[in-house]
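Undergrad: Oh and the sequence shown: position 124 is 930 in the working numbering, straight run, nothing missing. Ideal Cβ positions, reconstructed from N, Cα and C, are used throughout, including at glycine. None of these values were measured; they are calculated from a predicted model.
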Amino acid sequence: MIWDKKTCTVELPVTNDLAGAKLFRAGEEVGRFEPLDIVEEQPVKYQGNMLERTAEKLKDREQRLMVLLKGNKQDDEFNEAIELLVNQHASVFAVTDQELSQTNLVEHEIETGDAEPIRQKARPIPLATRVELRRILNDLQERRVIEPSKSSWASSIVLVQKKRWHSQVVCRLSKG
807 MIWDKKTCTV ELPVTNDLAG AKLFRAGEEV GRFEPLDIVE EQPVKYQGNM
857 LERTAEKLKD REQRLMVLLK GNKQDDEFNE AIELLVNQHA SVFAVTDQEL
907 SQTNLVEHEI ETGDAEPIRQ KARPIPLATR VELRRILNDL QERRVIEPSK
957 SSWASSIVLV QKKRWHSQVV CRLSKG
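(1) Going along the chain, which residues of its own chain have a beta-carbon closer than 8 Å to the beta-carbon of R925, five neighbours each way excluded?
(2) For chain C, is any of its Cβ atoms less than 8 Å away from the one on S957?
(3) Excluding the five sequence neighbours on either side, which residues of its own chain have a C-beta within less than 7 Å of the C-beta of F830, listed in chain order?
(4) Just the Cα atoms here: how many angstroms apart are K927 and I963?
(5) Can you tell me which of L965, V951, C814 and T918 puts its alpha carbon nearest to the alpha carbon of S907?
(6) Taking 7 Å as the limit between beta carbons, can you name the residues of its chain near V935, skipping five residues before and five after?
(7) Check whether the Cβ atoms of A900 and R867 lie closer than 8 Å to each other.
(8) Closer than 7 Å by C-beta to R929: which residues in its own chain qualify, once you throw out the five before and the five after it? Chain order, please.
(9) Taking the DSSP output, what are the residues bridged to R949?
(10) Is A900 helix, strand or coil when you go by DSSP?
(11) Going by DSSP in three states, R838 sits in which element: helix, strand or coil?
(12) If you reduce the DSSP assignment to three classes, tell me which class R1024 lands in.
(13) Which value, in whole angstroms, describes the spacing of the CA atoms of M872 and R949?
(14) From the DSSP output, read off the bridge partner residues of R925.
(15) Secondary structure at E889, three-state DSSP: helix, strand or coil?
(16) Indicate the three-state DSSP secondary structure (helix, strand or coil) for L857 in the structure shown.
(17) Between V892 and L875, which are expected to be in contact by the criterion C-beta below 8 Å, what is the C-beta distance as a whole number of angstroms?
(18) Do W943 and I931 have their C-beta atoms closer together than 8 Å?
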(Lines of atoms letter the chains of each structure in order from A and count residues from 1; the text may use other names and numbers.)
(Lines give C-alpha, C1' and ligand atoms only; values in the text may rest on other atoms or scores of the structure.)
Protein backbone atom coordinates (compact mmCIF):
# COMPACT_ATOMS: atom_id res chain seq x y z
CA MET A 1 0.00 0.00 0.00
CA ILE A 2 1.40 3.41 -0.97
CA TRP A 3 0.18 6.74 0.39
CA ASP A 4 0.80 9.89 -1.65
CA LYS A 5 1.18 12.92 0.67
CA LYS A 6 0.62 15.44 -2.13
CA THR A 7 -2.76 14.13 -3.26
CA CYS A 8 -3.71 12.47 0.06
CA THR A 9 -4.59 9.27 -1.78
CA VAL A 10 -3.82 5.67 -0.99
CA GLU A 11 -2.92 3.21 -3.74
CA LEU A 12 -4.13 -0.19 -2.64
CA PRO A 13 -3.69 -3.07 -5.10
CA VAL A 14 -6.59 -5.52 -5.08
CA THR A 15 -6.44 -8.94 -6.73
CA ASN A 16 -9.18 -11.41 -7.54
CA ASP A 17 -8.05 -15.00 -6.97
CA LEU A 18 -11.51 -16.39 -7.69
CA ALA A 19 -12.24 -18.30 -10.87
CA GLY A 20 -14.86 -15.78 -12.04
CA ALA A 21 -15.23 -12.02 -12.10
CA LYS A 22 -16.37 -10.16 -8.99
CA LEU A 23 -18.81 -7.30 -9.59
CA PHE A 24 -18.93 -4.37 -7.15
CA ARG A 25 -21.95 -2.06 -7.03
CA ALA A 26 -21.55 1.70 -6.57
CA GLY A 27 -21.39 2.49 -2.86
CA GLU A 28 -20.92 -1.15 -1.85
CA GLU A 29 -18.59 -1.60 1.13
CA VAL A 30 -15.74 -3.88 0.12
CA GLY A 31 -13.47 -3.37 3.11
CA ARG A 32 -12.52 -1.13 6.01
CA PHE A 33 -9.49 1.07 6.36
CA GLU A 34 -8.19 1.79 9.84
CA PRO A 35 -5.59 4.38 10.86
CA LEU A 36 -2.07 3.01 10.76
CA ASP A 37 1.49 4.03 11.48
CA ILE A 38 3.76 5.00 8.60
CA VAL A 39 6.57 2.47 8.48
CA GLU A 40 8.55 3.90 5.56
CA GLU A 41 8.36 7.26 3.85
CA GLN A 42 9.49 5.81 0.52
CA PRO A 43 8.34 2.51 -1.00
CA VAL A 44 10.97 -0.21 -1.08
CA LYS A 45 12.54 -0.78 -4.49
CA TYR A 46 13.33 -4.48 -4.77
CA GLN A 47 15.50 -5.64 -7.66
CA GLY A 48 15.29 -9.39 -7.58
CA ASN A 49 13.26 -12.46 -8.30
CA MET A 50 10.48 -12.60 -5.72
CA LEU A 51 9.61 -16.15 -6.76
CA GLU A 52 13.10 -17.41 -5.95
CA ARG A 53 13.50 -15.01 -3.01
CA THR A 54 16.92 -13.93 -4.24
CA ALA A 55 18.14 -10.38 -4.71
CA GLU A 56 19.88 -10.83 -8.02
CA LYS A 57 21.44 -7.66 -9.40
CA LEU A 58 19.88 -6.51 -12.67
CA LYS A 59 23.25 -6.54 -14.47
CA ASP A 60 23.91 -10.16 -13.40
CA ARG A 61 20.44 -11.11 -14.61
CA GLU A 62 21.05 -9.49 -18.01
CA GLN A 63 24.37 -11.33 -18.35
CA ARG A 64 22.71 -14.63 -17.43
CA LEU A 65 19.98 -13.98 -19.99
CA MET A 66 22.55 -13.23 -22.72
CA VAL A 67 24.43 -16.46 -21.92
CA LEU A 68 21.16 -18.43 -22.22
CA LEU A 69 20.26 -16.78 -25.52
CA LYS A 70 23.71 -17.23 -27.05
CA GLY A 71 23.71 -20.86 -25.94
CA ASN A 72 20.42 -21.45 -27.78
CA LYS A 73 21.38 -19.80 -31.06
CA GLN A 74 20.87 -21.81 -34.25
CA ASP A 75 23.72 -20.41 -36.35
CA ASP A 76 27.13 -18.83 -35.81
CA GLU A 77 25.76 -15.29 -35.84
CA PHE A 78 24.03 -13.66 -32.88
CA ASN A 79 21.85 -10.81 -34.11
CA GLU A 80 22.86 -7.45 -32.60
CA ALA A 81 19.25 -6.22 -32.82
CA ILE A 82 18.18 -9.10 -30.56
CA GLU A 83 20.96 -8.29 -28.10
CA LEU A 84 19.90 -4.63 -27.99
CA LEU A 85 16.24 -5.58 -27.49
CA VAL A 86 17.12 -7.99 -24.67
CA ASN A 87 19.34 -5.43 -22.95
CA GLN A 88 16.59 -2.80 -23.07
CA HIS A 89 13.84 -5.12 -21.82
CA ALA A 90 15.69 -7.77 -19.78
CA SER A 91 13.13 -7.70 -16.97
CA VAL A 92 10.37 -9.20 -19.17
CA PHE A 93 12.33 -12.36 -20.03
CA ALA A 94 12.30 -15.37 -17.73
CA VAL A 95 15.72 -16.78 -16.88
CA THR A 96 14.49 -19.48 -14.49
CA ASP A 97 11.53 -21.84 -14.56
CA GLN A 98 10.24 -20.27 -11.33
CA GLU A 99 9.61 -16.99 -13.16
CA LEU A 100 7.09 -18.70 -15.42
CA SER A 101 3.59 -18.82 -13.97
CA GLN A 102 -0.03 -18.29 -14.98
CA THR A 103 -2.00 -15.20 -15.88
CA ASN A 104 -5.66 -14.34 -15.91
CA LEU A 105 -5.24 -11.60 -18.53
CA VAL A 106 -6.31 -13.93 -21.33
CA GLU A 107 -9.05 -16.55 -21.40
CA HIS A 108 -9.73 -19.07 -24.13
CA GLU A 109 -11.98 -21.99 -24.89
CA ILE A 110 -11.08 -25.06 -26.88
CA GLU A 111 -13.87 -25.95 -29.27
CA THR A 112 -14.17 -29.74 -29.40
CA GLY A 113 -17.34 -29.85 -31.47
CA ASP A 114 -19.08 -33.22 -31.34
CA ALA A 115 -15.89 -35.12 -30.50
CA GLU A 116 -16.10 -37.80 -27.83
CA PRO A 117 -13.82 -37.17 -24.84
CA ILE A 118 -10.51 -39.02 -24.99
CA ARG A 119 -9.16 -40.41 -21.73
CA GLN A 120 -5.81 -42.05 -22.31
CA LYS A 121 -4.47 -44.65 -19.95
CA ALA A 122 -1.74 -43.38 -17.65
CA ARG A 123 1.72 -44.54 -18.65
CA PRO A 124 3.82 -46.33 -16.05
CA ILE A 125 6.37 -44.07 -14.38
CA PRO A 126 9.71 -45.64 -13.45
CA LEU A 127 10.34 -45.73 -9.71
CA ALA A 128 13.62 -43.82 -10.12
CA THR A 129 11.88 -40.79 -11.66
CA ARG A 130 8.78 -40.60 -9.44
CA VAL A 131 10.38 -38.28 -6.87
CA GLU A 132 11.58 -35.89 -9.60
CA LEU A 133 8.18 -35.96 -11.31
CA ARG A 134 6.35 -35.26 -8.04
CA ARG A 135 8.72 -32.33 -7.37
CA ILE A 136 8.09 -30.84 -10.84
CA LEU A 137 4.31 -31.29 -10.59
CA ASN A 138 4.21 -29.73 -7.09
CA ASP A 139 6.28 -26.78 -8.34
CA LEU A 140 3.95 -26.24 -11.33
CA GLN A 141 0.91 -26.48 -9.06
CA GLU A 142 2.34 -24.02 -6.50
CA ARG A 143 2.97 -21.51 -9.31
CA ARG A 144 -0.60 -22.15 -10.53
CA VAL A 145 0.59 -23.25 -13.97
CA ILE A 146 -1.42 -26.46 -13.57
CA GLU A 147 -4.28 -27.44 -11.31
CA PRO A 148 -5.94 -30.71 -10.29
CA SER A 149 -8.68 -31.77 -12.69
CA LYS A 150 -11.28 -34.49 -12.99
CA SER A 151 -12.00 -33.90 -16.68
CA SER A 152 -13.28 -36.58 -19.01
CA TRP A 153 -10.47 -35.43 -21.34
CA ALA A 154 -7.07 -36.72 -20.19
CA SER A 155 -3.65 -37.30 -21.72
CA SER A 156 -0.70 -39.01 -20.13
CA ILE A 157 2.49 -37.20 -19.22
CA VAL A 158 6.09 -38.27 -19.73
CA LEU A 159 9.19 -37.07 -17.90
CA VAL A 160 11.82 -36.22 -20.52
CA GLN A 161 15.49 -35.87 -19.59
CA LYS A 162 16.94 -32.66 -21.06
CA LYS A 163 20.48 -31.29 -21.25
CA ARG A 164 22.44 -30.53 -18.09
CA TRP A 165 20.50 -32.82 -15.71
CA HIS A 166 17.28 -30.95 -16.34
CA SER A 167 13.98 -32.83 -16.57
CA GLN A 168 10.83 -31.58 -18.24
CA VAL A 169 7.25 -32.82 -18.12
CA VAL A 170 5.74 -33.36 -21.56
CA CYS A 171 2.07 -34.06 -22.25
CA ARG A 172 1.49 -36.82 -24.80
CA LEU A 173 -1.38 -35.60 -26.98
CA SER A 174 -1.26 -38.24 -29.71
CA LYS A 175 -4.10 -40.75 -29.79
CA GLY A 176 -3.37 -44.41 -29.25
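TA: Reading off the structure:
(1) S958, W959 and A960
(2) Within the model displayed, chain C is absent; a lone protein chain is all it includes.
(3) V836
(4) 10 Å
(5) Of the listed residues, the one whose Cα sits closest to S907 is V951.
(6) Residue identity differs from the one stated: residue 935 is Thr in this sequence, not Val. For T935, where only same-chain residues beyond five positions count, the Cβ hits under 7 Å are L965.
(7) no
(8) S962 and V964
(9) Residue pairing for R949: DSSP places it in no beta bridge.
(10) In the structure shown, A900 sits in coil (DSSP, three-state: anything other than H, G, I, E or B).
(11) coil
(12) The requested residue 1024 does not occur in the structure, where the chain is confined to residues 807 to 982.
(13) So the two alpha carbons sit approximately 25 Å from each other.
(14) Within the DSSP secondary-structure output, R925 pairs in a beta bridge with A960.
(15) In the three-state DSSP reduction, E889 falls in the helix class (H, G or I).
(16) With a pLDDT of only 47 at L857, under the threshold of 50, the placement of this residue in the model should not be trusted, and no figure is reported.
(17) 6 Å
(18) For the record, residue 943 in the displayed sequence is Leu; it is not Trp. No, the Cβ-Cβ distance between L943 and I931 is not below 8 Å.
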